[in-house]
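Novice: I'd like to ask some things about the structure below.
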Amino acid sequence: MGSLTGLVVGWIVSTIAVWIALKIFPGRQKNESLTGAAVTALVGALIYWFFHSVFRIPFVSGILALVVWLYALRKLQGVGWLGAAALALLIWVINGIFSLFLPTIL
1 MGSLTGLVVG
11 WIVSTIAVWI
21 ALKIFPGRQK
31 NESLTGAAVT
41 ALVGALIYWF
51 FHSVFRIPFV
61 SGILALVVWL
71 YALRKLQGVG
81 WLGAAALALL
91 IWVINGIFSL
101 FLPTIL
């Protein structure tokens with residue numbers, strides 16, 4: 001039950017990070033709502049899980065997952081490659097900020 005709780009909490013935190021990034025990012029994205037952010041976060045988590053499960057070499061799986069994640073961001077949010085890269089970087093920074101204080105709260 002602990003891993004399921006961790007998955008749900010991680011998904012919620014990632015959803016909030018994606019939602020904030022979508023609100024900060026200039027322009028209007030396709031799925032800027034909280035539901036769209038939740039779908040985007042879930043797709044990203046599934047992509048990284050799949051590649052880290054299939055390819056056991058962390059560097060290779062990370063690079064492949066990043067490329068597929070950028071493609072998914074392009075399709076889900078209706079941005080170009082540069083916009084997807086900027087969104088991914090923004091999401092990463094926001095998750096990093098969350099990781100500074102979230103472990104002490106939980």
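Residue 29 in full-length UniProt numbering is what sits at position 29 of the sequence shown, and the numbering runs on without skipping anything.
By construction, the Cβ of each residue, glycine as well, lies at the ideal position given by its N, Cα and C atoms.
Note that this is a predicted model, so its numbers are computed, not measured.
Determine the contact status of residue 64 and residue 85, defining contact as a CB-CB distance below 8 Å.
Specialist: no
Novice: Helix, strand or coil: how does DSSP classify residue 97 here?
Specialist: Reduced to three states, the DSSP call for residue 97 is helix.
Novice: For the alpha helix (DSSP H) that residue 107 lies in, which residues bound it at each end?
Specialist: Residue 107 lies beyond the range of the chain shown here (1 to 106); nothing can be said about it.
Novice: Rounding to the nearest angstrom, what Cα-Cα distance links residue 91 and residue 7 in this structure?
Specialist: 18 Å
Novice: Please list, in chain order, all residues of the same chain as residue 34 whose beta carbon is under 6 Å from its beta carbon, the five residues on each side excluded.
Specialist: Excluding positions up to five away in sequence, the list reads 19.
Novice: Among 11, 100, 77 and 98, which has the Cα closest to the Cα of residue 32?
Specialist: 77
Novice: If you run the structure through DSSP and keep just helix, strand and coil, what is residue 28?
Specialist: coil
Novice: Residue 41 and residue 3 - do their beta-carbons sit closer together than 8 Å?
Specialist: no
Novice: Determine the DSSP secondary structure at residue 57, reduced to helix, strand or coil.
Specialist: coil
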